[in-house]
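For reference, the structure discussed in these notes is given below.
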Amino acid sequence: ASAGCVGGGTHPQKARRMLTLVASAAYLVVVVPAAKVVRLLVIWVLSQGAIPRHVAFIMDGNRRFARKKHMGSVTKGHSAGFSSLQMVMKNCFDLGVKELTVYGFSLENFKRKEEEVQFLMKLAEDKLRVITSPENRKAAEQNGVLIKFIGAKELLPKSLQECISVAEDESSPKLVEMNVCFAYTSRWEIAVAVEQIAKEGGNITSEAISKKLQLSPPDILVRTSGEHRFSDFLLWQGAQSVFMVHDIFWPEYSFWNLVSAILYYQWALPEISRRKAVNMNA
Amino acid sequence: VMLEWLARVLWAAASLAVRAYCAVLAVGREASRAWVNARERALFGRDPREALRRSRERLALEKRPAHVAFVFARPRYVRCEKAAELACLAAVHGARTVTLFDDTGLLKKQITTILGHLSTYVKQADLGCFQFVLNTANGQHYVDATETKSHTVMVHVVSQEESRRVVATAATEVALQKPRQLETRGTAYETLADDISDATRIGSVVFTEPEVVVVFDDYTIIPNFFPWHIRLSEFFWAGRPDRFGALQLEDVLRGYAHTEKRFGV
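First to last, the sequence lines map onto chains A and B.
Quick note: the first sequence, position 4, residue 468 per the numbering used here, numbers continuous.
Quick note: the second sequence, position 144, residue 148 per the numbering used here, numbers continuous.
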């Protein structure tokens, strides 16, 4: 049984182990730095054109991703979706995007199963606690990230509301803005604007509604999962924005998908500018 | 300076690659449509009745949209004849409300021309059972008001002028008539939203949410189309309208029939 076993393994096993070690080392020493260099190069090239100021995401497909990867539970898909969000945030801010809006939770999503809704609330609360921990808070202040939650917060659990109020620190210097739409729909936002205008005694006009809305118009609206609808997100502000649909699930969204969206935006920008000018004149 | 020049060259190359890719896709799509349309015409001639009959028989769907909107995103894409044809096609496939929209209001200015084309198409395609009513903010126009028909098809002809104004007007109406409904706290906003929806009108006709919106545009730019009403609409970007006919509408309707309205429910 011990024939051919030298130093704790047979020759083929040793060779396989050695090969794995060499491959790992090569990956760490060559591939990872090369990927970082390529990424920096792409960011540098992309910045020669116009970088969109505001990008919005409809993060669709977490549950289908969990089913596709046989994760066992759809809640794991949501956790994977949060990791993807962190990466997308980093990519956007590295590329120079100043405002990022994500559709975290719709008012319609309250109709989902109770356990899933509770999980999503708990996930949001846990992640907010991490974000607002002293070390992460300091990093956010240094980087100038302003986090805002837009939505019917009174419908959320009290503990989550407290976490949100801690996270929304308006005193931090603002370089980039992160808007999280939670318990939100666009109709809710428009209705709130109408309510405010009426209570102030003003005339309810489309211009007045536009001024009272809480979110600014996006330059690009991205949706994953291949669906071509807006699901009650940024309906009023979305006119004349580029709509990019990616036929992948949200946890699969990568840096290269974002690059393709921005390149498309840069291509369409002259036409968008022309239409906005025509609309203003009209 | 050299590095900056190099970056600009690389960016220009990347932009060119994107444009070339999109151009190839567009050419391929147009060529495919032209081929499909030519084959259809070769097989069944230019008889609109026959084309519509086959179209209806070919498409056995469980779910059909009641309201279809066609958005002409560029002024040069606005064609009254095509608009009339699309209204008839949508009606044959079960739509009882059709919206024809363009940003600058060119369609509204040519209501009489659209009426004429509709009338001609109704006679040619034997669509006498449909009563087409062209509805604008200023009033209604009937294709043939002399007799009662089995099916009424409301054709809204609108532009961006009505797009947001209808919401503001409806909200003002609700604010005046039901001031206590102006409450959005908790789930109270749903009542306000429903009231606003019920009060949005084009002329005297309530404007409903379109299930399908077909946008004729070269870019996937969101049109300035009735933002209140498109929350669950399925959008289809279709390129040039002159290559969009019965077969392409069938593809759109098939796509609509297979989608699910989720929000995860």
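From the three backbone atoms N, C-alpha and C, an ideal C-beta is built for every residue, glycine too.
Where residue i and residue j are concerned, what is the direct C-alpha to C-alpha distance, given to the nearest angstrom?
i                      : j                      : result
residue 563 of chain A : residue 553 of chain A : 10 Å
residue 191 of chain B : residue 616 of chain A : 9 Å
residue 493 of chain A : residue 506 of chain A : 21 Å
residue 684 of chain A : residue 163 of chain B : 23 Å
residue 694 of chain A : residue 225 of chain B : 13 Å
residue 522 of chain A : residue 645 of chain A : 10 Å
residue 613 of chain A : residue 600 of chain A : 18 Å
residue 496 of chain A : residue 108 of chain B : 52 Å
residue 147 of chain B : residue 212 of chain B : 22 Å
residue 154 of chain B : residue 102 of chain B : 17 Å
residue 4 of chain B   : residue 111 of chain B : Absent from the model: residue 4 of chain B. The displayed extent of chain B is 5 to 269, so no value can be given.
residue 718 of chain A : residue 189 of chain B : 37 Å
residue 639 of chain A : residue 94 of chain B  : 49 Å
residue 527 of chain A : residue 537 of chain A : 8 Å
residue 738 of chain A : residue 627 of chain A : 43 Å
residue 631 of chain A : residue 680 of chain A : 20 Å
residue 262 of chain B : residue 250 of chain B : 19 Å
residue 588 of chain A : residue 678 of chain A : 21 Å
residue 137 of chain B : residue 169 of chain B : 22 Å
residue 602 of chain A : residue 592 of chain A : 14 Å
Interface residues of chain B around residue i at Cβ under 7 Å?
i                      : result
residue 712 of chain A : Simply none; closest approach about 17 Å.
residue 727 of chain A : 18, 19, 22
residue 631 of chain A : Simply none; closest approach about 22 Å.
residue 732 of chain A : 223, 225
residue 613 of chain A : The contacting residues do not exist; residue 613 of chain A stays about 16 Å from chain B at best.
Report the neighbours of residue i on chain A: residues whose CB is nearer than 7 Å to its CB, in chain order.
i                      : result
residue 14 of chain B  : 509
residue 234 of chain B : 694, 699
residue 168 of chain B : 670
residue 176 of chain B : 668
residue 237 of chain B : 693
residue 11 of chain B  : 508, 509, 512
Can you pull the chain B neighbours of residue i, defined as C-beta to C-beta under 8 Å?
i                      : result
residue 702 of chain A : 226, 231
Give the residues of chain A in contact with residue i, contact being defined as C-beta atoms less than 9 Å apart.
i                      : result
residue 28 of chain B  : Within chain A, no residue comes near residue 28 of chain B; the closest Cβ sits about 14 Å away, beyond 9 Å.
residue 193 of chain B : 571, 616, 649, 651, 652, 655, 656, 659
residue 190 of chain B : 616, 618, 619
For a contact defined as C-beta to C-beta under 8 Å, what are the partners of residue i on chain A?
i                      : result
residue 171 of chain B : 654, 670, 673
residue 240 of chain B : 692
residue 187 of chain B : 659
residue 196 of chain B : 655, 658, 659
residue 179 of chain B : 658, 662, 668
What does a CB cutoff of less than 8 Å around residue i pick up in its chain, not counting 5 residues either side in sequence?
i                      : result
residue 259 of chain B : 238, 240
residue 662 of chain A : 668
residue 114 of chain B : 84
residue 555 of chain A : 719, 722
So, at 7 Å on beta carbons, what are the nonlocal neighbours of residue i in its own chain, with the 5 sequence-adjacent residues on each side left out?
i                      : result
residue 143 of chain B : 207
residue 466 of chain A : For residue 466 of chain A, the predicted model reports a pLDDT of 41, less than 50, meaning its position is unreliable; a value from the coordinates is still stated below. Nothing listed; no residue qualifies.
residue 252 of chain B : 37, 242
residue 209 of chain B : 139, 158
residue 682 of chain A : 518, 519, 520, 565, 698, 701, 702, 705
residue 692 of chain A : 709
residue 570 of chain A : 648, 649, 695, 696
residue 728 of chain A : 706, 708
residue 256 of chain B : 216, 218, 240
residue 514 of chain A : 730, 733
Using 8 Å as the cut-off, classify the Cβ of residue i as near or not near the heavy atoms of the ligand ATP, replying yes or no.
i                     : result
residue 80 of chain B : Because no ligand of any kind appears in the structure shown, any question about the ligand ATP cannot be addressed here.
Below 6 Å CB to CB, which residues in the same chain sit around residue i once its five sequence neighbours on both sides are set aside?
i                      : result
residue 468 of chain A : Note that residue 468 of chain A has pLDDT 41, beneath the 50 cutoff, so the model's placement of it is unreliable and no number is given.
residue 548 of chain A : 714, 715, 717
residue 557 of chain A : 640
By the criterion of Cβ-Cβ separation under 8 Å, what are the contact partners of residue i in chain C?
i                      : result
residue 707 of chain A : Absent here is chain C; the protein component of the structure consists of chains A and B.
Which residues in chain B have a C-beta closer than 9 Å to the C-beta of residue i? List them in chain order.
i                      : result
residue 685 of chain A : 226
residue 515 of chain A : Those do not exist, as residue 515 of chain A stays about 11 Å from chain B at its closest Cβ, beyond 9 Å.
residue 736 of chain A : 223, 225
Are at least three pairs of beta-carbons, each pair with one atom in the stretch 67-82 of chain B and one in the stretch 90-98 of chain B, less than 8 Å apart?
-> yes
Can you list the beta strand (DSSP E) stretches of 3 or more residues lying completely in the stretch 634-673 of chain A, in chain order?
-> 640-648
Counting Cβ pairs closer than 8 Å, one from the stretch 168-183 of chain B and one from the stretch 200-211 of chain B, do we hit at least three?
-> yes
Evaluate the contact criterion for the stretch 8-28 of chain B versus the stretch 229-238 of chain B: three or more CB pairs, one atom per stretch, below 8 Å.
-> no
Which ranges would you report for the alpha helix (DSSP H) in the stretch 502-573 of chain A if only whole runs of at least 4 residues count?
-> 526-532, 538-559
Is the stretch 702-720 of chain A touching the stretch 587-605 of chain A in the sense that three or more CB pairs, one from each, lie closer than 8 Å?
-> no
On the three-pair Cβ rule with 8 Å, is the stretch 664-680 of chain A touching the stretch 697-705 of chain A?
-> yes
Could you tell me which uninterrupted alpha helix (DSSP H) segments, each at least 4 residues in length, are contained entirely in the stretch 179-231 of chain B, listed from first to last along the chain?
-> 193-203
contact_flag[the stretch 215-225 of chain B, the stretch 75-82 of chain B] where n(CB pairs < 8 Å) is 3 or more = yes
Whole runs of the beta strand (DSSP E) within the stretch 591-624 of chain A, excluding any shorter than 3 residues | 609-614
Decide yes or no for the touch test of the stretch 533-543 of chain A against the stretch 577-587 of chain A: beta carbon pairs closer than 8 Å, at least 3 of them.
-> yes
Unbroken stretches of the beta strand (DSSP E), 3 residues or longer, contained in the stretch 670-737 of chain A = 684-687, 706-709
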